[in-house]
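Asker:
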Amino acid sequence: MGKTKVVGETGSYGARYGMTVRRRALKILRKRHEKVACPRCGKLVLMKRLSVGVWMCPSCAYTYAGPAHAAKA
3 MGKTKVVGET GSYGARYGMT VRRRALKILR KRHEKVACPR CGKLVLMKRL SVGVWMCPSC
63 AYTYAGPAHA AKA
């Protein structure tokens with residue numbers, strides 16, 4: 003498999019969709035996989051996305067509404 007230094011996770015798209023779209027998608031994917039402080043317990047964890055805009059803390063099971071693509075406390 004080739005190197006995906008520039009496009010990272012979006013390298014699976016290959017030459018499709020254009021570079022601008024893949025960079026936007028990469029930005030969203032990187033934000034989505036960041037650790038966020040839980041608004042209830044305060045732990046720095048990787049939130050679990052239950053559905054669009056609904057996030058859950060895996061350590062305390064606190065469920066809250068937030069942005070669609072990236073969890074924010």
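Just so you know, we're using the numbering used here here: the sequence shown kicks off at 3 and counts up by one.
Cβ atoms here follow ideal geometry from the backbone N, Cα and C, with glycine treated the same way.
It should be emphasised that the depicted structure is a prediction, and the values quoted were computed from it without experimental measurement.
1) When you compare only the Cα positions, how much space is there between LYS74 and ARG26?
2) Mind checking which residues open and close the alpha helix (DSSP H) that includes ALA27?
3) Between the stretch 32-51 and the stretch 13-24, do three or more beta carbon pairs fall short of 8 Å?
4) Over what stretch of residues does the beta strand (DSSP E) that includes MET58 continue unbroken?
5) Evaluate CYS43 with the Cβ neighbour count: other Cβ atoms within 10 Å of its Cβ, from every protein chain shown; 16 or more gives buried, anything less gives exposed.
Answerer: So, to answer that:
1) Here residue 74 refers to the residue found at position 72 of the sequence shown. Here residue 26 refers to the residue found at position 24 of the sequence shown. Spanning the two alpha carbons is a distance of roughly 19 Å.
2) Residue mapping note: residue 27 aligns to position 25 of the sequence shown, counting from 1. Where ALA27 is concerned, the enclosing alpha helix (DSSP H) stretches over 21-34.
3) no
4) The residue labelled residue 58 in the question sits at position 56 within the sequence shown. Its beta strand (DSSP E) spans residues 56-58.
5) For the purposes of this step, residue 43 is identified with residue 41 of the sequence shown, where counting begins at 1. Counting Cβ neighbours within 10 Å, CYS43 comes out exposed, since fewer than 16 surround it.
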